[in-house]
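Enquirer: First the structure, then my questions, so here it is.
Number of protein chains: 2
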Amino acid sequence: MMVKSTTYTVLPDGTITLPRGFKAAGLHAGIKKKRKDVGLLVSEVPAAAAGVFTLNTVRAACVTQNERQLKSNPHLQAIVVNSGNANACTGRQGDADALEMRACTAELLNLPVESVAIASTGVIGMPMPMAALKQGITSASESLSEQGGLDFAEAILTTDTCTKTVAVQVEIDSKLVTLFGVAKGSGMIHPNMATMLAFVATDANIDPSALQKLLGKTTDRTYNCITVDGDTSTNDMVLVMANGMADNKTLTEDHPEWDSFAEAFHFASEQLAKEIARDGEGATKLVEVLVKGAVSELSATGIAKSIVGSSLVKTAVFGADANWGRILAAVGYSGVPFDPERVDIWLGSVQVAADGMGLAFDEEAAKSQLLTDTVTITVDLKLGDAGATAYGCDLTYDYVRINASYRT
Amino acid sequence: MMVKSTTYTVLPDGTITLPRGFKAAGLHAGIKKKRKDVGLLVSEVPAAAAGVFTLNTVRAACVTQNERQLKSNPHLQAIVVNSGNANACTGRQGDADALEMRACTAELLNLPVESVAIASTGVIGMPMPMAALKQGITSASESLSEQGGLDFAEAILTTDTCTKTVAVQVEIDSKLVTLFGVAKGSGMIHPNMATMLAFVATDANIDPSALQKLLGKTTDRTYNCITVDGDTSTNDMVLVMANGMADNKTLTEDHPEWDSFAEAFHFASEQLAKEIARDGEGATKLVEVLVKGAVSELSATGIAKSIVGSSLVKTAVFGADANWGRILAAVGYSGVPFDPERVDIWLGSVQVAADGMGLAFDEEAAKSQLLTDTVTITVDLKLGDAGATAYGCDLTYDYVRINASYRT
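Sequence lines, in order, name chains A and B. Its first residue numbered 1, the first sequence is counted upward by one per residue in the working numbering. Its first residue numbered 1, the second sequence is counted upward by one per residue in the working numbering.
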């Protein structure tokens, strides 16, 4: 897929183009049985940085340490990530292990510890195997390269079945700015936070506070609009590093090409969010729920999330059963005021309900809309002009299989 | 099971003892393919009545008509119920059909239409097959009997695998007062409302406003503390009829034996709620989550519901995987303030976490606690003296199977 918008260019799928001045690595260190489990992403020079973090009250050491660090100085030069162990609910030892993970990385890269962010994902409540982790970080620091983006993308996965990356280029001040984004998702994914793990590296020159503001706003409309299973994780975060090596003038909201950058950033975030939803644990389909005709974006988002999170809607999509009553029921318990007798509902291009009542639709045509890779549900409230989209996946036998024995 | 509390006696399982002055019937009218689908419960004399109804904005005609009726006059003499068709999202025709269902019943029983309540459960958005329904009501009115409680209990089921009934007796003013309760549940069960269908008949003499208050309070602690799948239905209701034929002095909160009646009523409601949770769609186990050490009952309830609603906790219980980290994560996203570093967690009698961290527990012993019919999860916040219990079930392959093709 090669998409050329008026403002930005999306690089073809699978193109792992790191922005100028970034190197990455990923390898198997022995935290997981077989698959890669340690990833490292490093900038040549200090990068403006921004982050959003889980709103779960139970937060892993990596979340609290990164958040504290970015508050005191919004710059980073390296992100080290491990999968297989979340280092959450591990108390003081977990906090000390997280600090050691950062210190070890800093020493190997000859950086101050303050410039290293960390992320962990995997089983909750088990002590981190520090020897394996440190050996892995050492090896990763030795194998950093400009071609290492895919290895990094692989190293952060847990039950994900595929890597999730995006590369976008945009011209700012006639300079080519590149954004590379990578994410992992799968389970414990629910939109009430900065969700799952996502990392964006860019060579844009951008003001850190403008970057943080952009990240927050974009997260609400992308990562926070997906759900896999309604469970909010203890380790979720999105981190961005912008090292300025594209040499554009510093981006702030007053920059004449701010919108171009913001659009490219939004596209990259949305793309990763959708990939996470599509690869939800056990999922066979991406479900896009578009709510329109709402009185505000907030109310449209609330309804879209309620539908995409409904176990009954998700199982009906899995079984390709055009059970639109469940969609209207989920609108009804969303907590958002609306008029049930005005609601229109479409499955793909087939309208199944008008003014809150069923139409005599063609059952086979409706079913065929639910047998596609990407299922679109559209709900028109006919109350106003606002809209929003939420992303999720179907609920399948495999979700149950994967999670009935995740730990054992 | 014969339980004798200090105040009330629970009649053995399967004893369908209707209170004095009540008759019931249930039969197959052709709305569903094979199973019974029309039920009728009638009191000889007008009964004080109370009801609680779904908080879903999308509400079936039966819900709105009953609510309006009870507000204008809290007395009823008959409840007619059909399963197989929810008569929800059916617009004006649905409202007219619901009224005709009441009128037909009233005429057959020679009652004013105002004294008949109705309930429908089943598929949403399909027109009610009125001919079959009216024929069924006619037959039911002809077969009413004091032994008809079990037939009625069968007639209200949808994907339920068993009937849910309870019979309790309590002495008030030296008179024997009997409560008979019956419920259906299975799917679209979530505790933010008066949930699913439940009906209680009693021969107690009780003031209607005291009855309504008791029902509201009891519902919050019983029916509203269960979840099967997080989906709030359009047709949920609990209705109570108290016909006074036990001849006790009118019960109000000032009656010296009010507490005895309230305890018996609470027990009956809790019993039905637990039976609904245990028979959740696809469920193999009842899950009881007890939260203690909370600063208030409200916060304990919030946390207990968050845990019992977690898809990840539910699948781990299904797979008997002692994945306590998911329990703590669900406490963390409950929205209730607490101190993660003080939380203790037990699976049955095995403590698996202390002060928010994992213990080196015996994996086999913990697993065995998850292989029982009723799985108990206890969370101690160690912050105060309040507690609450929520009920749910495991999430299984069969939940997905049942709901992937419910309608087709």
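Each residue gets a CB set at the ideal place from its N, CA and C atoms; glycine is no exception.
In whole angstroms, what separates the C-alpha of B/E270 from that of B/I377?
Expert: When rounded, the distance between both Cα atoms is 18 Å.
Enquirer: Return the CA-CA distance between A/E67 and A/R59, expressed in angstroms with no decimal places.
Expert: Rounded to whole angstroms, A/E67 to A/R59 spans 11 Å at the Cα level.
Enquirer: Taking its Cβ as the centre, do 16 or more other Cβ atoms sit within 10 Å of A/C393, making it buried, or is it exposed?
Expert: Its Cβ being crowded by 16 or more others within 10 Å, A/C393 is buried.
Enquirer: Name the two residues that bound the continuous alpha helix (DSSP H) containing B/N403.
Expert: Unbroken alpha helix (DSSP H) run through B/N403: Y397 to A404.
Enquirer: Alpha carbon to alpha carbon, how far is A/A98 from A/G302? Give it in angstroms, no decimals.
Expert: Near 36 Å, if we compare the C-alpha coordinates of A/A98 and A/G302.
Enquirer: Compare the C-beta of A/G392 against all C-beta atoms of chain B and say whether one is closer than 8 Å.
Expert: For A/G392, the answer is no, since every Cβ of chain B falls outside 8 Å of its Cβ.
Enquirer: Secondary structure at A/V3, three-state DSSP: helix, strand or coil?
Expert: With a pLDDT of 47 at A/V3, under the threshold of 50, the modelled position of this residue cannot be trusted; read the value that follows with caution. If DSSP states are grouped into helix, strand and coil, A/V3 belongs with the strands.
Enquirer: Do we get a CB-CB distance below 8 Å when we pair A/C89 with the residues of chain B?
Expert: Yes - at least one Cβ of chain B is within 8 Å of the one on A/C89.
Enquirer: Does A/A194 come within less than 8 Å of chain B when only Cβ atoms are used?
Expert: Residue placement at A/A194 cannot be trusted, given a pLDDT of 35 that sits under 50; the coordinates are not used to answer.
Enquirer: For the beta strand (DSSP E) that contains A/S43, what are its first and last residues?
Expert: It spans V38 to F53 - the beta strand (DSSP E) in which A/S43 sits, taken as one unbroken run.
Enquirer: Taking contact to mean at least 3 C-beta pairs separated by less than 8 Å, is the region 127-134 of chain B in contact with the region 11-31 of chain B?
Expert: Yes: at least three Cβ pairs fall under 8 Å.
Enquirer: In the DSSP assignment, what residue or residues form a beta bridge with B/F180?
Expert: According to DSSP, B/F180 bridges with B/A167 and B/A201.
Enquirer: Could you give the DSSP three-state label for A/D394: helix, strand or coil?
Expert: Coil.
Enquirer: According to DSSP, is B/F361 part of a helix, a strand, or is it coil?
Expert: Coil, per DSSP.
Enquirer: Compare the Cα-Cα distances from A/L347 to each of A/T372, A/E154 and A/D279 and report the closest residue.
Expert: Comparing Cα-Cα distances from A/L347 to each of A/T372, A/E154 and A/D279, the minimum goes to A/T372.
Enquirer: Quick one: give me the first and last residue of the beta strand (DSSP E) that A/Q411 is part of.
Expert: Nothing about residue 411 of chain A can be read from this structure; chain A reaches only from 1 to 408.
Enquirer: Taking beta-carbon pairs under 8 Å, can you tell me which members of the region 96-124 of chain B lie near chain A?
Expert: So the close ones are V123 and I124.
Enquirer: Would you report the Cα separation of B/L55 and A/Y333, rounded to the nearest angstrom?
Expert: Rounded to whole angstroms, B/L55 to A/Y333 spans 7 Å at the Cα level.
Enquirer: For A/E341, is the classification buried or exposed, using 16 other Cβ atoms within 10 angstroms of its Cβ as the cut-off for buried?
Expert: Burial call: exposed.
Enquirer: Using a Cβ-Cβ cutoff of less than 7 Å, which residues in the same chain neighbour A/L18 once the five nearest sequence positions on both sides are dropped?
Expert: Closer than 7 Å at the Cβ level, and outside the excluded window around A/L18, lie A24, E146, G149, F180 and A201.
Enquirer: Can you pull out the residues from the region 33-62 of chain A whose beta carbon lies closer than 9 Å to at least one beta carbon of chain B?
Expert: Within the region 33-62 of chain A, the qualifying residues are T54, L55, N56, T57, V58 and R59.
Enquirer: To the nearest angstrom, how far is it from the Cα of A/V289 to the Cα of A/L370?
Expert: Taking the straight line from one Cα to the other gives about 13 Å.
Enquirer: Which full runs of the beta strand (DSSP E) of 3+ residues lie inside the region 7-36 of chain B, going along the chain?
Expert: Listed in chain order, the complete beta strand (DSSP E) runs (minimum 3 residues) inside the region 7-36 of chain B are 8-10 and 22-27.
Enquirer: What residue from B/V350, B/S349 and B/G356 has the CA that sits closest to B/F338's CA?
Expert: Of B/V350, B/S349 and B/G356, the residue nearest in Cα terms is B/G356.
Enquirer: Going along the region 320-335 of chain A in order, which residues come within less than 9 Å of chain B, judged by CB to CB distance?
Expert: Of all residues in the region 320-335 of chain A, A320, D321, A322, N323, W324, G325, R326, L328, A329, A330, V331, G332, Y333, S334 and G335 have a Cβ within less than 9 Å of some Cβ in chain B.
Enquirer: Do the region 236-251 of chain A and the region 65-82 of chain A touch if we need at least three Cβ pairs shorter than 8 Å?
Expert: Yes, since at least three Cβ pairs between the region 236-251 of chain A and the region 65-82 of chain A fall closer than 8 Å, the two stretches touch.
Enquirer: Check distances from the C-beta atoms of the region 297-322 of chain A to those of chain B and list, in chain order, the residues that come in under 7 Å.
Expert: Within the region 297-322 of chain A, the qualifying residues are S310, S311, L312, T315, A316, F318, G319 and D321.
Enquirer: Please compile the residues from chain A whose C-beta is within a distance smaller than 8 Å of the C-beta of B/S405.
Expert: Correct list: G319 and D321.
Enquirer: Residue range of the alpha helix (DSSP H) that B/E297 falls in?
Expert: E297 to G309 is the extent of the alpha helix (DSSP H) around B/E297.
Enquirer: Under the three-state reduction of DSSP, which class applies to A/E341: helix, strand or coil?
Expert: A/E341 falls in the helix class under three-state DSSP.
Enquirer: Do B/K314 and B/T409 come within 8 Å of each other at the CB atom, strictly closer than that value?
Expert: The question about residue 409 of chain B has no answer here: the residues shown for chain B are numbered 1 through 408.
Enquirer: Where does B/V116 fall in DSSP's three states?
Expert: If DSSP states are grouped into helix, strand and coil, B/V116 belongs with the strands.
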